[in-house]
Amino acid sequence: MGMSVLNTITQVLTLIHEPLFSESSFGFRPDRCCEMAIIRALEYMNNGFHWVVDIDLEKFFDTVSHDKLITLVMKNVKDGEIVSLIRKFLVSGIMIDGEYKESIIGTPQGGNLSPLLSNIMLNELDKELEARGLHFTRYADDCIILVGSSKAADRVMANVSKFIEKKLGLKVNMTKSKVSKPNDIKYLGFRFYQDSFDGKWKAKPHVESETS
């Protein structure tokens, strides 16, 4: 499928879905960036939500279900030709061990369509978190939820992980997922720390990110 066709599909889907996306979603969207996600997280931390639920989605782009994704696209896209082209794009193959292989799961790498499709899928997670009244920030498949206590954080971790696996058909990497204070996590290349002078949570680029 040519890049011009993919770009046209991406433009159409963006026009349809951009107004539907969460204000807490910052990845691969017009006029948004990871620094804005960090600022949002700091706002929550400095308003008393300083327990972090850091949920790691295992190989998201390689495991997302085509059928689930197409079903979500069809909720708002009524043009059958566009839906058909998206399905053809999805089955064109994913990179496995350096080779392209056809698959019924995963999204092809490269271009702007795959990140947009990931936002369409994970917007379902955003809506669930908003319905639960939770404070969160998401950049593509990197999502942290901020709550007021460790007990609430443990409960959120269990409930949201269950939603992700049962409703979205995605896999949560429980080894990498964790509940912690902000200074114990790295998010989007930043570390959080509590200023000793004013007591406020702040962020700075992680050392490895600065040297890489």
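The working numbering puts the first residue of the sequence shown at -18, with every later residue one more than the last. Using N, Cα and C, we set each Cβ at its ideal position, and we do this for glycine too.
So is residue i buried or exposed if we call it buried at 16+ other beta carbons inside 10 Å?
{"i": "Ser193", "result": "Because the pLDDT of Ser193 is 43, which lies under 50, any placement of that residue in the model is unreliable, and the question is left without a value."}
{"i": "Leu195", "result": "Look at the range of the chain in this structure, -18 to 193, and you will see that residue 195 is not part of it."}
{"i": "Val141", "result": "buried"}
Answer yes or no: do residue i and residue j have a C-beta to C-beta separation smaller than 7 Å?
{"i": "Asn13", "j": "Thr118", "result": "Reading off the sequence shown, one finds Arg at residue 13, where the question assumed Asn. No, Cβ-Cβ distance for Arg13 and Thr118 is not below 7 Å."}
{"i": "Val45", "j": "Met102", "result": "yes"}
{"i": "Lys157", "j": "Asp43", "result": "no"}
{"i": "Leu66", "j": "Thr(-9)", "result": "no"}
{"i": "Val153", "j": "Ile145", "result": "yes"}
From what residue to what residue does the alpha helix (DSSP H) around residue i run?
{"i": "Leu106", "result": "94 to 112"}
Taking C-alpha atoms, which residue in the options lies nearest to residue i?
{"i": "Leu110", "options": "Ser99, Leu127, Leu97, Leu94", "result": "Leu127"}
{"i": "Val33", "options": "Ser(-15), Asn(-12), Ser161, Lys185", "result": "Ser161"}
So, with DSSP's three-state summary, where would you put residue i?
{"i": "Asp60", "result": "coil"}
{"i": "Ile67", "result": "helix"}
{"i": "Gln175", "result": "strand"}
{"i": "His187", "result": "coil"}
{"i": "Ile166", "result": "coil"}
{"i": "Ser193", "result": "Confidence at Ser193 is low in this model, with a pLDDT of 43, below 50, so the placement of that residue should be treated as unreliable; the coordinate-derived value is given next. DSSP places Ser193 in coil when its eight states are reduced to three."}
Just reading off the beta strand (DSSP E) that residue i is part of, what are its end residues?
{"i": "Asp48", "result": "From DSSP, Asp48 is part of no beta strand (DSSP E) but of the alpha helix (DSSP H) over 47 to 55."}
{"i": "Leu127", "result": "123 to 128"}
{"i": "Asp37", "result": "32 to 37"}
{"i": "Phe117", "result": "116 to 120"}
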